[in-house]
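Novice: Just so you know, the protein sequences line up as chains A and B, in that order. Number 39 in the UniProt record's numbering belongs to position 39 of the first sequence; there are no gaps in the numbering. Number 122 in the UniProt record's numbering belongs to position 122 of the second sequence; there are no gaps in the numbering. Quick one: structure below, then a few questions.
Number of protein chains: 2
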Amino acid sequence: MGRRKLEMKRIEDKSSRQVTFSKRRSGLIKKARELSILCDVEVALLVFSSHGRLFEFCSGNSLTSVLERYQNHREEEKESKDADAQGSTSENGGKSHAELLQLVQRLVEEPDYEDFNVTDLVELEKDLTIALTQTRNRKVLS
Amino acid sequence: MGRRKLEMKRIEDKSSRQVTFSKRRSGLIKKARELSILCDVEVALLVFSSHGRLFEFCSGNSLTSVLERYQNHREEEKESKDADAQGSTSENGGKSHAELLQLVQRLVEEPDYEDFNVTDLVELEKDLTIALTQTRNRKVLS
DNA sequence: CTGTCTATGTATAATAC
DNA sequence: TGTATTATACATAGACA
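Rendered as structure tokens:
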């Protein structure tokens, strides 16, 4: 977005890093504001400079209210996870991707694989959904 | 940034609004991530869709830790405001803004003002820097 | 609703002051 | 140290699948 392409790693030169920080920070805040206006959604953004200075943007009245909403959201999320964690193998969300891959592979290669029953399949579906969500999140970030 | 320029107001067509939300949200998260990597700073971003879904980005391990840092920052700020509301010359940062103003005024009006030596000037500079930082913080938060 | 394409509008890295 | 300019890279609106 400038004269040349930047590698995605920490800018080593202190001076350029500072300049880039200043420019990109305002750009980011501008875009956060645009998103909240155009799409009529709540947005909160916090940036701490390396020297501890705080820059923030918030679509509504106060960042505090957004943060409260975040806390509520986390609690609700936790409750719903607890609710269906009854069938889950681990607290934080099903099997590892490697495990899932093996499971799916067995299922595909051996259609009569006898350890599978409806309960297993329901759990498998849930794990795949989680894995899918995680993968999508990573994609957005790359 | 597309075929035509968008007005900065809520997009009325529900479908376009949703599409724009999806695209700009990923763009914003990507840029938040780039800022945190390139400039080696802490960034937290929260977006609530109109249907209450949460999308978030956080540069470190957990949003919680960033939010804690935010809370601390607010407390420190409150303390420093309280401090200079008293017109303090106290521990945490030099002279009151009123005192500084007088000092600078004397310096400007009387170039030969005799009480100034290098040590005083160094201290003055330090005080001005602190005052500047406090003013900037207030500006950012307003 | 998700992905793709592409013309255009924006953001910004480097540079000049 | 900013501030302004410019050349590029990037984001995305609209259209379509």
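Think of the CB as a built atom: it goes at the ideal place given N, C-alpha and C, for glycine as much as any other residue.
If you run the structure through DSSP and keep just helix, strand and coil, what is A/Val-43?
Specialist: A/Val-43: strand per DSSP, three-state reduction.
Novice: At the 9 Å Cβ level, is B/Arg-17 part of the contact set with chain A, yes or no?
Specialist: yes
Novice: With which residues is B/Leu-54 paired in a DSSP beta bridge?
Specialist: B/Phe-48
Novice: Roughly how many whole angstroms lie between the Cα atoms of B/Asn-61 and A/Thr-64?
Specialist: 21 Å
Novice: Between the segment 68-79 of chain A and chain B, which residues of the former have CB atoms less than 7 Å from a CB of the latter, in chain order?
Specialist: Arg-69, Tyr-70, His-73
Novice: Along the alpha helix (DSSP H) that carries A/Ser-62, what are the first and last residues, could you check?
Specialist: Segment: none, A/Ser-62 is in no alpha helix (DSSP H) and carries neither H nor E.
Novice: Is B/Phe-21 near A/Leu-35, with beta carbons less than 9 Å apart?
Specialist: yes
Novice: How about B/His-73 and A/Phe-48: do their beta carbons lie closer than 9 Å?
Specialist: Yes.
Novice: When DSSP labels each residue in this structure, what does A/Lys-23 get in the three-state scheme?
Specialist: helix
Novice: Can you round the beta-carbon distance between A/Val-43 and A/Ser-26 to whole angstroms, since I take them to be within the 8 Å contact cut?
Specialist: About 15 Å separates the two Cβ atoms, so there is no contact after all.
Novice: B/Ile-11 by DSSP, collapsed to three states: which one?
Specialist: Here DSSP, grouped into helix, strand and coil, assigns B/Ile-11 to coil.
Novice: Answer yes or no: does any C-beta atom of chain A fall closer than 9 Å to that of B/Lys-5?
Specialist: no
Novice: Please list, in chain order, the chain A residues whose beta carbon lies closer than 9 Å to that of B/Ser-65.
Specialist: Chain A residues near B/Ser-65: none, gap ~11 Å exceeds 9 Å.
Novice: Comparing the C-beta of B/Gly-2 with each C-beta of chain A, is any distance below 9 Å?
Specialist: no
Novice: Interface residues of chain B around A/Lys-30 at Cβ under 8 Å?
Specialist: Ordered by position in chain B, no residue passes the 8 Å Cβ test against A/Lys-30, which lies about 10 Å from the chain.
Novice: Chain B partners of A/Lys-14, CB-CB under 9 Å?
Specialist: Near A/Lys-14 there are no residues of chain B at all, since even the closest Cβ is about 10 Å away, more than 9 Å.
Novice: Please report the distance separating the alpha-carbon of B/Val-66 from that of A/Tyr-70.
Specialist: 13 Å
Novice: With a 10 Å radius around its C-beta and 16 neighbouring C-beta atoms as the bar for buried, classify B/Val-19 as buried or exposed.
Specialist: exposed
Novice: Alpha carbon to alpha carbon, what distance is there between A/Phe-55 and B/Asn-92?
Specialist: The predicted model places B/Asn-92 with a pLDDT of 36, which falls under 50 and marks its position as unreliable, so this point remains unresolved.
Novice: Among B/Asp-13, B/Leu-46, B/Arg-53, B/Lys-14, which residue has its Cα nearest to the Cα of A/Glu-77?
Specialist: Per the Cα distances, B/Arg-53.
Novice: Which same chain residues, not among the five before or five after B/Arg-17, have their C-beta less than 8 Å away from its C-beta?
Specialist: Arg-10, Ile-11
Novice: Can the beta-carbon of B/Met-1 be found closer than 9 Å to that of A/Leu-38?
Specialist: no
Novice: Tell me, please, whether the CB atom of B/Asn-92 is closer than 9 Å to any CB atom in chain A?
Specialist: A caution first: B/Asn-92 carries a pLDDT of 36, below 50, which makes its placement in the model unreliable, though a value can still be read off. B/Asn-92 does not count as touching chain A.
Novice: Flag this pair as yes or no: are the beta carbons of B/Leu-28 and A/Ala-32 separated by less than 9 Å?
Specialist: yes
Novice: Should B/Tyr-113 be labelled buried (16 or more other beta-carbon atoms within 10 Å of its own) or exposed?
Specialist: With a pLDDT of 40 at B/Tyr-113, under the threshold of 50, the modelled position of that residue is not reliable, and no figure is offered here.
Novice: What is the DSSP secondary structure of B/Lys-30, reduced to helix, strand or coil?
Specialist: Note: B/Lys-30 maps to helix in three-state DSSP.
Novice: Given that B/Ser-49 touches chain A, what residues does it touch there, using C-beta distances under 7 Å?
Specialist: Val-41
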